[in-house]
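Undergrad: Each residue of the sequence shown is one higher than the one before, starting from 1 at the first, in the UniProt record's numbering.
Built from N, CA and C at the ideal position, the CB exists for glycine as well.
Predicted model only: the values in this text are computed from it and were never measured.
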Amino acid sequence: MKGMVFTSFLEMVENKFSLSIVDQIIEGSDLPSGGSYTSVGTYDHSEMIQLIVQLSQRTSIPVTDLIITFGEYLFTQLIELHPQFLQENSTVFSFLQKVDSYIHVEVRKLYPGAELPAFEYDTSVEGTLIMIYRSSRPFADLAEGLINGCIQHYGEAINVVRENLEEGTAARFILSKAEVE
Numbered sequence: 001m002k003g004m005v006f007t008s009f010l011e012m013v014e015n016k017f018s019l020s021i022v023d024q025i026i027e028g029s030d031l032p033s034g035g036s037y038t039s040v041g042t043y044d045h046s047e048m049i050q051l052i053v054q055l056s057q058r059t060s061i062p063v064t065d066l067i068i069t070f071g072e073y074l075f076t077q078l079i080e081l082h083p084q085f086l087q088e089n090s091t092v093f094s095f096l097q098k099v100d101s102y103i104h105v106e107v108r109k110l111y112p113g114a115e116l117p118a119f120e121y122d123t124s125v126e127g128t129l130i131m132i133y134r135s136s137r138p139f140a141d142l143a144e145g146l147i148n149g150c151i152q153h154y155g156e157a158i159n160v161v162r163e164n165l166e167e168g169t170a171a172r173f174i175l176s177k178a179e180v181e
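1) Check whether the Cβ of Val40 lies closer than 7 Å to any heavy atom of the ligand MN, and answer yes or no.
2) What is the rounded straight-line gap between the Cα of Met12 and the Cα of Thr128?
3) Can you check whether the C-beta of Val63 is within less than 8 Å of a C-beta belonging to chain D?
4) Could you please give the first and the last residue of the uninterrupted beta strand (DSSP E) stretch that includes Val48?
5) Starting from Asn89, trace the beta strand (DSSP E) both ways and give me its first and last residue.
6) Please report how far the alpha carbon of Ser135 lies from the alpha carbon of Ile52, in whole angstroms.
7) For Glu166, which of helix, strand or coil comes out of DSSP?
8) Kindly indicate which residue of Val160, Ile147, Gln152 and Ala118 has the alpha-carbon position closest to the one of Thr169.
9) On the three-state DSSP scale, how would you describe Phe31?
10) Between Ser94, Arg172 and Glu47, which lies nearest to Ser29 when the distance is taken from Cα to Cα?
11) Bridge partners of Asn159, per DSSP?
Spelled out as structure tokens, the structure:
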């Protein structure tokens, strides 16, 4: 997992909780890296899981909620770092449908060796986008948060229904444009 994800997570924890909590979750985890991350480094995803579990224990916020919140935060960070991802996409659906074919291609150029999830898309129902997420890592909650962050960014009225296909490593997200009354 790229270090940029770790540095963004620790930044979010510091902003939403405190620097003291950051220190506590690092000290409470058994991290091969020692909790010292660089944005261009690569680290085992198990370190992220440990940090999130430690944060959950200290805040009494469920792990799932923390990961989804982090995904929302991470979306804003990715867009700040790579605004070109938004330039050609004026809607949530157009942006999300380019995750694999454009955004992940660009991410691999910036971060060679990045192991990214894969998405399949279905647009056969008008006003609906179905995304199927698959990854070797259990971060469907993170994908949900990133999708939520995208919806918040564009300000569109979109309902999201998630169906777990495999425990954390695969999920179906059904995004439907909300009817405006």
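TA: Taking the structure as given:
1) As far as ligands go, the structure on display features none, and thus does not contain the ligand MN.
2) Along the sequence shown, read from residue 1 onward, the residue named residue 12 stands at position 12. Along the sequence shown, read from residue 1 onward, the residue named residue 128 stands at position 128. Roughly 31 Å separates the two Cα atoms.
3) Note that chain D does not occur in the displayed structure, where there is just one protein chain.
4) Counting from one through the sequence shown, the residue named residue 48 turns up at place 48. Here residue 48 is Met; the residue named in the question, Val, does not match the sequence. Per DSSP, Met48 belongs to no beta strand (DSSP E); it is in the alpha helix (DSSP H), His45 to Thr59.
5) For the purposes of this step, residue 89 is identified with residue 89 of the sequence shown, where counting begins at 1. Run containing Asn89: none; DSSP gives neither H nor E here.
6) As a working note, residue 135 is residue 135 in the sequence shown. As a working note, residue 52 is residue 52 in the sequence shown. Each residue's Cα considered, the two are about 19 Å apart.
7) In the sequence shown, residue 166 corresponds to position 166, counting from 1. Three-state DSSP puts Glu166 in a strand.
8) Here residue 169 corresponds to residue number 169 of the sequence shown, with the count starting at 1. Nearest option by C-alpha distance: Ala118.
9) Locating residue 31 in the sequence shown gives position 31, counting from the first residue. Inspection of the sequence shows that residue 31 is occupied by Leu rather than by Phe. The answer is coil: DSSP assigns Leu31 none of H, G, I, E or B.
10) Counting from 1 along the sequence shown, the entry for residue 29 is found at position 29. Nearest of Ser94, Arg172 and Glu47 to Ser29, Cα basis: Glu47.
11) Taking the first residue of the sequence shown as position 1, residue 159 is located at position 159. Bridge partners of Asn159: Ser176.
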